[in-house]
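In what follows, a single structure is set out as structure tokens and then discussed.
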Amino acid sequence: MNSPKSKVQSPKSEEAGRSLWADAWAQLRRSRLAMACLFVVLVYTAMAVYGEAVYRVCRIKDITPSYQKQNLEEQYLAPSLPSRHPMGTDGLGRDVFQRLLQGTRIAFQVGIITSLIAIPIGVILGCIAGYFGGKTDDFIVWLYSTFASIPGLLFILAIAMVVGKGLLGVYLGIGLTTWVGLCRLIRGEVIKHKSRPYVMAARALGLGPFRIMFRHILPNVFHIVIVSFTLRFPAAISTEVFMSFLGIGVQGEPSWGVMISNARLRLWHGVWWEMTFVTLAIFGIVLAFNLLGDALRDALDPRLKTGEV
Amino acid sequence: MKRARSNLLSIAGGFFCLAVLLGSGCGRGQLEGEGTPGEMVYFGETSKIRGFDPIRAGDVSSALAASKVFEGLLQYSYLDRPYRVEPLLAESMPTVSRDGLTYTFRIRKGIHFQDDPCFKETGGKGRELVAEDFIYSMKRIADLKNGSSGYWAFNDRIVGLDAWRESTGGEAPSDYAAEVEGLRALDRHTLQIKLTRPYPQLLWILTMHYSFAVPREAVEFYGKEFVNHPVGTGPYILKSYRQNYRYEFVRNPKWAETGRGDRYPDRAPPGTDPQLLADAGKPVPFIDRIIQYVIEDSTTEWLMFLTGQLESSGVSRDNWDAVITQDKMLAGELAARGIRLLSSPTLDLFYIGFNMDDPVVGKNKKLRQAMTCAFNTDEYIRFYNNRIVRPKGPIPSGVSGYSDQPSPFPFDLDRAKKLLAEAGYPDGKDPATGRRLQLTLELGSAENPEFRQAAELFANFMEKIGVVIKLSYNNWPTFLEKMERRQAQLFSLGWVADYPDAENFLQLFYAPNSSPGPNHANYSDPAFDKLYEQIREMQDTPGRTELYRQMSDIVVEDCPWIFTMNPLAYGLQHHWLKNYVYHDFPYGMIKYYKVDGEERAKWKAEYGKR
Chain B
0 MNSPKSKVQS
10 PKSEEAGRSL
20 WADAWAQLRR
30 SRLAMACLFV
40 VLVYTAMAVY
50 GEAVYRVCRI
60 KDITPSYQKQ
70 NLEEQYLAPS
80 LPSRHPMGTD
90 GLGRDVFQRL
100 LQGTRIAFQV
110 GIITSLIAIP
120 IGVILGCIAG
130 YFGGKTDDFI
140 VWLYSTFASI
150 PGLLFILAIA
160 MVVGKGLLGV
170 YLGIGLTTWV
180 GLCRLIRGEV
190 IKHKSRPYVM
200 AARALGLGPF
210 RIMFRHILPN
220 VFHIVIVSFT
230 LRFPAAISTE
240 VFMSFLGIGV
250 QGEPSWGVMI
260 SNARLRLWHG
270 VWWEMTFVTL
280 AIFGIVLAFN
290 LLGDALRDAL
300 DPRLKTGEV
Chain W
0 MKRARSNLLS
10 IAGGFFCLAV
20 LLGSGCGRGQ
30 LEGEGTPGEM
40 VYFGETSKIR
50 GFDPIRAGDV
60 SSALAASKVF
70 EGLLQYSYLD
80 RPYRVEPLLA
90 ESMPTVSRDG
100 LTYTFRIRKG
110 IHFQDDPCFK
120 ETGGKGRELV
130 AEDFIYSMKR
140 IADLKNGSSG
150 YWAFNDRIVG
160 LDAWRESTGG
170 EAPSDYAAEV
180 EGLRALDRHT
190 LQIKLTRPYP
200 QLLWILTMHY
210 SFAVPREAVE
220 FYGKEFVNHP
230 VGTGPYILKS
240 YRQNYRYEFV
250 RNPKWAETGR
260 GDRYPDRAPP
270 GTDPQLLADA
280 GKPVPFIDRI
290 IQYVIEDSTT
300 EWLMFLTGQL
310 ESSGVSRDNW
320 DAVITQDKML
330 AGELAARGIR
340 LLSSPTLDLF
350 YIGFNMDDPV
360 VGKNKKLRQA
370 MTCAFNTDEY
380 IRFYNNRIVR
390 PKGPIPSGVS
400 GYSDQPSPFP
410 FDLDRAKKLL
420 AEAGYPDGKD
430 PATGRRLQLT
440 LELGSAENPE
450 FRQAAELFAN
460 FMEKIGVVIK
470 LSYNNWPTFL
480 EKMERRQAQL
490 FSLGWVADYP
500 DAENFLQLFY
510 APNSSPGPNH
520 ANYSDPAFDK
530 LYEQIREMQD
540 TPGRTELYRQ
550 MSDIVVEDCP
560 WIFTMNPLAY
570 GLQHHWLKNY
580 VYHDFPYGMI
590 KYYKVDGEER
600 AKWKAEYGKR
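Protein chains in written order, with numbering that gives the first Met the number 0: chain B, 0 to 308; chain W, 0 to 609.
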């Protein structure tokens, strides 16, 4: 990886060899809050991986997973410890904790897959627009302005309706609508980098535009992608919860949105646990990702550190 | 024909749709310009209204809406049980010829349509109702260009009407002037209907919205927009509306203008609550103005009821415990505050249908029987908090032909597994794939959590014998379309009886009624069809009841449906709602209801202070 920002590196000459990434990590380590958030995110990730494992194993073995097991003898059990249902059960006697784990799996799937759709679109279009400028730039700016001018949620719902209910609709709906912000940022950065000496040097050496864009410039703007990822991840999760709550998202799987929708029925009747735990889970992951994203931006964005404009 | 969603919220009927809303308390009622209390009433409706055109009102809420504005020749007697029809726009019951083929109706003189710009000849004044209006209305439903789902009611019944229907198929505009032999106006106020063969159910049919009188002027004036511009003779007129949010009806001024004297019934069968006769013989309607909102959420409905914003409420699964105590009596606190609980069996039948055209489930009787045996009645009833009974066959209790024999396929897991093995799926394993058999259940909507959970519960029952049910949620129109195109494998649906006659349920299995007709399972059995053709011409006799039983047995043995539930109708009313009695066919009966506005205002003022 290049380390072009020589200006930016710590003024202390004995640390001169450290890369941007090592530097950022060191700074992140110093922030206790950021590390706590990272830990929380890792816990959620572990839950999601475990959920995925349970789901896969049950699919392969062709058996009913435990989170779908109903038992009307145990409906609406309040949470208690120690017991088989630490977070209680829902209206069909299904374990809320197990379903919460599956909800984490779905939330992560949504966060990751929508990022895999949106980030490449944003990065590639942003690089092309910024690097080539002119008509290409005009076209891409027009394109993302058009996307941005459509009310986001309606756009997502429209896509989900066309593709059909279910996870695919959620993936595409969120993925295809949320690349605009990143595209803008990348375009701006690329325009800035285009006139830097290292790019000129590369051009003078006769390198092709795509090689310059993706081998030389992109690594230098990649921190934006990472920060953007940590911030869009919780946003995608919230959108998915919202869609599932409305009944146009996940079908037949325990998404957090579906769980909240189910829990709503008996809430006024004192069955608080399903709603509470799911809400806490969403709150936790959204907060952790957002704080982590902020810390990452502080650590990765050299301008904030050095005061460079 | 009415298809009901498989959730208790929309099983129509009086209770669930009869939620009278009030403006919220503390002076805010002023916003609606509330006059003297009791003059204006807010009604809630729990599912969407598709429009007011009687020939398109295929669902309960639309039919209820249309029946406020339009009327037919006959109506159900409000208080009489068992159900009985009585004349409404007809002067008296028809004279029927000895061969049972010719019905002659005298139509009441001096009945006028409401004033509407569509009546150009009279300068917007509503004209008098004549026999021709009924002929026009029945032709309208037969007109292929209108694509009404209600033609089954007249199909193959009225002399010449089928031929006329054929003639409307082409490009040319339908010829309403063409004579139909079976529908004749002998003079301005005499209508003669000639049948192709005896059809004793005709009288029930004539109470239905499909045969409501519609003025030709309005249909031609409004064209496609007629669905939003009802012009009728009924007790109310539609004043304004916002689609699926708010509908405002006011008393039809034409009734007072023409001195129309419809009255509250003055007699009732023995055993009727005497309070129901307090207004005997008084002119109807009692309520001046109705504001109807569409409330689709049961929790909202319940909370609004508690605060007195709703006149009455259904009892959903989730507020059941709070409302009803173990012995199904009203919980003490609510009873003490004057809330009444009425319960009544309904004729609504809910089921999971198998598409008999489907290569997997349609051709495999043992598979269907196995799944029927795997359906855990007790757990299902428990899930619904005892608000349902499990039907044993297609004919609900309370209708002649109902059999109280135990079902031949009761819940029995071992037997279900055995049947499944005989069906070719030992332990549910599909020999072709080596994996468990997977079937897709089509459902009307995913928005209602109770409905969703009931479907998950069903999937769980089937899982126990190794059949995996994939739940496929649609929105309601897509769902109906899938059914009409025979694309569903399994589907969850309900049937709300059109009239209290077993024939109305048995027609759902008659092969010529297959999709897009009401036989969505596309069930076909020659022996059954033959019996059906026999009974539909028979008058009510013990012999016919016996045939009903035989037909029911054929269906139960073949299992084209898993009969899931007959809901019990439980409804709550505040004490200020007067003259309310449960009716399976409450269309147009809002004219009998009365509201004591002072009592209502008192409740609203006091609520929350206790």
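For glycine and all other residues, C-beta sits at the position ideal for the given N, C-alpha and C. Given the structure is predicted, the values throughout are model-derived calculations rather than measurements.
Check your understanding: When you check each C-beta in the region 254-270 of chain B against every C-beta of chain W, which residues fall closer than 7 Å?
Key -> SER260, ASN261, ARG263, LEU264, ARG265, TRP267, HIS268
Practice item. Please work out which residues of its chain come closer than 6 Å, Cβ to Cβ, to SER76/W, disregarding the five sequence neighbours upstream and downstream, and give them in chain order. Key: ARG83, GLU85
Exercise for review: Note the first and the last residue of the continuous alpha helix (DSSP H) segment covering TYR43/B.
Suggested key: Segment 31-60, the alpha helix (DSSP H) holding TYR43/B.
Exercise for review: May I ask which residues mark the beginning and end of the beta strand (DSSP E) holding THR103/W?
Suggested key: 101-105
Exercise for review: Could you work out which residues of chain W lie near ASP61/B, taking near to mean beta carbons separated by less than 7 Å?
Suggested key: ARG434, ARG435
Review point. Quick one: is TYR592/W buried, meaning 16 or more other Cβ sit within 10 Å of its Cβ, or exposed?
Key: buried
Check your understanding: Nearest chain W C-beta to LEU91/B closer than 8 Å, yes or no?
Key -> Yes, LEU91/B counts as interfacial toward chain W.
**Study point:** From GLN308/W, ARG139/W, VAL495/W, LEU87/W, residue whose alpha carbon lies closest to that of GLY168/W
**Key:** ARG139/W
Check your understanding: Going along the chain, which residues of its own chain have a beta-carbon closer than 7 Å to the beta-carbon of ALA369/W, five neighbours each way excluded?
Key -> ALA415, LEU418, LEU419, ALA422, ILE464
Exercise for review: Kindly say whether LEU71/B, judged by its beta-carbon, lies nearer than 8 Å to any beta-carbon of chain W.
Suggested key: yes
Point to revise | Meets three-Cβ-pair contact criterion under 8 Å: the region 87-96 of chain B and the region 106-116 of chain B | key: No, the region 87-96 of chain B does not touch the region 106-116 of chain B.
**Study point:** Beta-carbon neighbours of PHE444/W, restricted to chain B and to distances below 8 Å
**Key:** Per the sequence shown, residue 444/W should be read as Ser rather than Phe. The answer, in chain order, is GLY246.
Review point. Is there contact here, the region 137-144 of chain B with the region 245-261 of chain B, by at least three beta-carbon pairs under 8 Å?
Key: Fewer than three beta-carbon pairs drawn from the region 137-144 of chain B and the region 245-261 of chain B are found closer than 8 Å, and the two stretches are therefore not classed as touching.
Review point. Taking DSSP as the reference, what is the three-state secondary structure of ASP293/B?
Key: helix
Review point. On the three-pair Cβ rule with 8 Å, is the region 209-229 of chain B touching the region 174-191 of chain B?
Key: yes
Exercise for review: Enumerate in chain order the residues of its own chain whose CB-to-CB distance from LEU305/W is below 8 Å, with the five nearest sequence positions on each side excluded.
Suggested key: TYR606
Review point. Is the region 158-173 of chain W touching the region 45-55 of chain W in the sense that three or more CB pairs, one from each, lie closer than 8 Å?
Key: no
Review point. So, is the C-beta of GLN250/B closer than 8 Å to a C-beta in chain W?
Key: At least one chain W Cβ lies under 8 Å of GLN250/B.
Practice item. Could you check the C-alpha separation between LEU302/W and VAL322/W for me, to the nearest Å? Key: 12 Å
Practice item. Assign ASN227/W to buried or exposed, taking buried as 16 or more other Cβ atoms, counted over all protein chains shown, within 10 Å of its Cβ. Key: exposed
Check your understanding: Going along the chain, which residues of the region 119-134 of chain B sit with their C-beta nearer than 7 Å to a C-beta in chain W?
Key -> none
Check your understanding: Fully enclosed by the region 436-480 of chain W, which alpha helix (DSSP H) runs are 4 residues long or longer?
Key -> 448-462
Exercise for review: Determine whether the Cβ of LYS164/B lies closer than 8 Å to any Cβ atom of chain W.
Suggested key: By this cut-off, LYS164/B is an interface position.
Review point. According to DSSP, what are the bridge partners of ALA89/W?
Key: ILE106/W
Review point. For TYR275/B, which option in LEU71/B, LEU41/B, THR88/B has the closest C-alpha, if you only look at C-alpha atoms?
Key: Here residue 275/B is Thr; the residue named in the question, Tyr, does not match the sequence. Closest option to THR275/B, Cα to Cα, is THR88/B.
Exercise for review: Would you identify the three-state DSSP class for ARG620/W, choosing helix, strand or coil?
Suggested key: Residue coverage of chain W in this structure runs from 0 to 609, which leaves residue 620/W outside it and unanswerable.
Review point. Roughly how many angstroms lie between the CA atoms of PHE504/W and ALA152/W, to the nearest whole one?
Key: 13 Å
Check your understanding: Do you know whose CA, among LEU276/W, VAL467/W, ALA279/W, TYR547/W, lies nearest PRO395/W's CA?
Key -> TYR547/W
Check your understanding: Any beta-carbon of chain W closer than 8 Å to the one on GLY306/B?
Key -> Caution applies to GLY306/B, whose pLDDT of 43 falls short of 50 and renders its modelled position unreliable; the model cannot decide the point.
Review point. What distance in whole Å lies between the Cβ atoms of PRO264/W and LEU78/W, which are believed to be in contact at a cut-off of 8 Å?
Key: So it is a contact: roughly 5 Å between Cβ atoms.
Review point. Since PHE508/W and ASN518/W are thought to touch, with beta carbons under 8 Å apart, how far apart are those beta carbons, to the nearest angstrom?
Key: 6 Å
Point to revise | Cutoff 6 Å; reference GLY125/B; Cβ partners in own chain excluding five residues on either side | key: CYS182, ILE185, ARG186
Review point. Is any beta-carbon of chain B found at less than 8 Å from that of GLN488/W?
Key: Not an interface residue.
Check your understanding: Any idea if LEU21/W is buried or exposed, counting beta-carbon neighbours within 10 angstroms, 16 or more meaning buried?
Key -> Because LEU21/W carries a pLDDT of 30, less than 50, the predicted location of this residue cannot be relied on, and no value is offered for it.
Review point. Looking at GLN488/W and ASN363/W, is the spacing between their C-beta atoms short of 8 Å?
Key: no
**Study point:** Interface residues of chain B facing LEU456/W [CB-CB closer than 7 Å]
**Key:** GLN69, LEU91
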